[in-house]
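One structure below.
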Amino acid sequence: MFKKILVAADGSSRAEKAASYAIGLAKSCDAELHVVSVVDIGSPRTAMEIDPDYTEEIKESIDVSKLETERKKVENQIIDHVNKMASAEGIQATGSVRVGHPSEEILKHAQETDCDLIVMGSHGRRGLTAAVMGSVSTNVIHAGAFPVLMVPE
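Under the numbering used here, the letters of the sequence shown match residues 1 to 153, in that order.
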């Protein structure tokens, strides 16, 4: 049924659950498994990036390329973890770290690799929280470009 499955990984428990589903599907469909993790340029991972007490001079003195390199290392570790999960089930996965806005990069990666299913975990946010914070999964679904399997937390 599915030939190429893309799973979005971000190191969270819900993404790990989604990865388990994707691995199971890939195994049962004899499909290729692609893993993508995104260095989110719109969402900082460190307190220094979001702490309003840091002055602009300190923020400007940060080597942005070094910070991005460090964040890519984290994303690569996430991909390695999913690859090991897949390998334990006899599935070889191909991983990629991208930089940008997660929903856009997930969709671009799915298009570039000609995937026919995207598997993602869901925060389960609703109402005002979802409206204010937005949702990567909602943006991927609303793009309407690919079938999306949402795995609840």
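Where is the CB? At the ideal position from N, CA and C, for every residue including glycine. Please read these numbers as outputs of a predicted model, since none were measured by experiment.
A direct Cα-to-Cα measurement between Met85 and Ile23 gives close to 8 angstroms.
In this structure, the CA atom of Gly100 is about 15 angstroms from the CA atom of Val74. In the structure shown, the three-state DSSP call for Pro152 is strand. With a cutoff of 9 angstroms on beta-carbon distance, Ser28 and Glu153 are scored as not near each other. For His142, the enclosing alpha helix (DSSP H) has its first and last residue at Val136 to Ala143.
Glu104 and Ala88 have their C-alpha atoms some 30 angstroms from each other.
Secondary structure at Lys3: coil, using DSSP grouped into helix, strand and coil. Boundaries of the beta strand (DSSP E) harbouring Ser37: Glu32 to Asp40, taken from the DSSP string.
Only buried fits Glu32, as 16 or more other CB atoms lie within 10 angstroms of its CB. Note that the C-beta distance between Val36 and Lys72 is not below 9 angstroms.
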